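**Q** Below: one structure in structure tokens.
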Amino acid sequence: MTLDLVTIPCRADNYAFLVHDTESGDTALFDAPETAPIKAELDRRGWTLTDLFITHHHGDHVEGVDDLRAAYGCRVIGAKHDAERLPKLDVAVEPGDTATFSGHEVDVMAADGHTIGHVAYYMADAKAAFTGDSLMALGCGRLFEGTPEQMWDTLSRLMALPDETVICSGHEYTTANAKFALTVEPQNADLIRRAEDTDAMRARGEFTVPSLLALEKATNPFLRAGQPETKKAVDMENDGDAEVFAAIRRAKDNF
Numbered sequence: 001m002t003l004d005l006v007t008i009p010c011r012a013d014n015y016a017f018l019v020h021d022t023e024s025g026d027t028a029l030f031d032a033p034e035t036a037p038i039k040a041e042l043d044r045r046g047w048t049l050t051d052l053f054i055t056h057h058h059g060d061h062v063e064g065v066d067d068l069r070a071a072y073g074c075r076v077i078g079a080k081h082d083a084e085r086l087p088k089l090d091v092a093v094e095p096g097d098t099a100t101f102s103g104h105e106v107d108v109m110a111a112d113g114h115t116i117g118h119v120a121y122y123m124a125d126a127k128a129a130f131t132g133d134s135l136m137a138l139g140c141g142r143l144f145e146g147t148p149e150q151m152w153d154t155l156s157r158l159m160a161l162p163d164e165t166v167i168c169s170g171h172e173y174t175t176a177n178a179k180f181a182l183t184v185e186p187q188n189a190d191l192i193r194r195a196e197d198t199d200a201m202r203a204r205g206e207f208t209v210p211s212l213l214a215l216e217k218a219t220n221p222f223l224r225a226g227q228p229e230t231k232k233a234v235d236m237e238n239d240g241d242a243e244v245f246a247a248i249r250r251a252k253d254n255f
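Heads up, the sequence shown is in the UniProt record's numbering, so the first residue is 1 and it goes up one at a time.
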């Protein structure tokens with residue numbers, strides 16, 4: 001059994017992700033920021049889109065859905081409790097459900113915070129989580145609708161996944177996120193090294209997404225809100241994890 005994971009740059013800084021099952025020939029897409037680059041990648045590889053998973057309702061994640069459904073007849077999967085704001089769903093799922101793609105289980109995870117009704121998808125067979133704008137490379141999504149407590153709960157669920165999980169997030173924000181992260185933990189050696197690596201990758205025109213969960217846990221300040229060294233760095237040693245997360249999120253909003 002072989003699953004191929006392909007990252008597709010879209011729009012100004014968005015990413016979409018294809019997962020292709022080489023045995024069945026089935027192909028899943030996670031989020032559809034626009035049509036043209038996704039169709040071009042499918043055509044280049046000779047793949048046909050069979051399944052399209054949506055993380056949340058924002059236009060830069062769904063604008064290509066209807067065109068791709070018309071072109072390939074793919075089924076569209078998204079959150080039942082946000083269906084009114086999503087393109088028409090063929091399969092409506094809820095957190096805790098297990099969807100399927102070509103016989104592979106796709107766990108649906110609550111990911112409220114950036115929006116209410118945001119979900120993430122974890123595919124163990126691909127060792128990948130598709131997190132949209134919840135957990136991002138060296139960051140997390142801005143809290144447009146949810147509370148800090150909701151986002152901290154989301155990040156805590158994602159942190160519980162295996163360390164080797166590849167985090168497939170929605171945007172190329174890593175350089176800016178690294179600059180902020182260094183203001184939180186300027187002495188974090190792993191973070192310093194990652195910031196340098198990020199600069200080098202971008203200079204070469206490489207993607208910094210997806211990223212490894214183990215690396216996020218070592219360097220992402222939003223995931224590290226519960227760590228004693230992070231609490232000490234922000235002078236909140238006696239505060240709860242969610243409170244520390246909220247303070248870091250506010251600092252990033254004003255950065």
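The beta-carbon is built from N, C-alpha and C at its ideal position, and this holds for glycine as well. None of the values given here were measured: they were computed from a predicted structure.
Tell me the residue span of the beta strand (DSSP E) that contains V62.
**A** Run containing V62: none in the beta strand (DSSP E); it sits in the alpha helix (DSSP H), 59 to 62.
**Q** On a Cα-Cα basis, can you pick out the residue from D26, F53, T219 that is closest to F180?
**A** T219
**Q** For residue 258, which of helix, strand or coil comes out of DSSP?
**A** No answer is possible for residue 258: it lies beyond the span of the chain, which begins at 1 and ends at 255.
**Q** For the ligand NAP, I want to know if V19 counts as a neighbour, meaning its beta carbon is within less than 7 angstroms of at least one of the ligand's heavy atoms.
**A** With respect to the ligand NAP, the structure offers nothing, as it holds no ligand at all.
**Q** Using a 10 Å radius around the Cβ and a threshold of 16 neighbouring Cβ atoms, would you call S169 buried or exposed?
**A** buried
**Q** Considering Cα atoms alone, identify which of V119, E229, L155, D90 is closest to D107.
**A** V119
**Q** Have a look at C140, K88, D31, V62 and flag the residue whose alpha-carbon is nearest the alpha-carbon of Y121.
**A** Considering only alpha carbons, the answer is D31.
**Q** For D97, collect the residues of the same chain with a Cβ closer than 6 angstroms to its Cβ; drop the 5 residues on either side in sequence, then sort them by chain order.
**A** V108
**Q** Just to confirm before moving on: does the CB-CB distance between D90 and W152 stay below 8 angstroms?
**A** In this structure, D90 keeps its C-beta atom at 8 angstroms or more from the C-beta atom of W152.
**Q** Give every residue of the same chain whose Cβ lies closer than 6 angstroms to the Cβ of R85, excluding the five residues on either side of it in the sequence, and list them in chain order.
**A** H57
**Q** According to DSSP, is residue 258 part of a helix, a strand, or is it coil?
**A** Only positions 1 to 255 of the chain appear in the structure, and residue 258 is not among them; the question remains open.
**Q** Are T55 and F130 close, meaning C-beta to C-beta below 8 angstroms?
**A** yes
**Q** Quick one, which of D43, G141, L212, A137 has its alpha-carbon nearest T165's?
**A** L212
**Q** What separation, rounded to the nearest whole angstrom, lies between the Cα atoms of R45 and L68?
**A** 16 angstroms
**Q** For G25, count neighbouring Cβ atoms within 10 angstroms of its own Cβ and tell me buried if that reaches 16, exposed if not.
**A** exposed
**Q** Excluding sequence positions up to five away, which residues of its chain have a Cβ less than 7 angstroms from the Cβ of F144?
**A** H114, T115
**Q** CA-CA distance, D51 and A110?
**A** 20 angstroms
**Q** Taking DSSP's pairing of strands, which residues face S169 in a bridge?
**A** G132
**Q** Tell whether a beta-carbon distance below 8 angstroms holds between K232 and D239.
**A** no
**Q** Checking the sheet assignment: what are the DSSP bridge partners for I77?
**A** F53, V91
**Q** Between the beta-carbon of A178 and the beta-carbon of R194, is there less than 8 angstroms?
**A** yes
**Q** Is the beta carbon of F222 closer than 8 angstroms to that of E172?
**A** In this structure, E172 lies away from F222, with their beta-carbon atoms at least 8 angstroms apart.
**Q** Around the C-beta of E196, are 16 or more other C-beta atoms found within 10 angstroms, so that it is buried, or is it exposed?
**A** exposed
**Q** Looking only at its own chain, which residues have a Cβ that is under 6 angstroms from the Cβ of Q150, when we skip the five neighbours before and after it?
**A** D112, G113
**Q** Give a yes or no on whether the minimum CB-CB distance between V91 and chain C is below 8 angstroms.
**A** Looking for chain C here will not work: only one protein chain is present.
**Q** Using only alpha-carbon positions, find the residue among G139, D13, D21 that is nearest to P37.
**A** Comparing Cα positions, the closest option is D13.
**Q** Please report the residue range of the alpha helix (DSSP H) in which M123 lies.
**A** From DSSP, M123 is part of no alpha helix (DSSP H) but of the beta strand (DSSP E) over 119 to 123.
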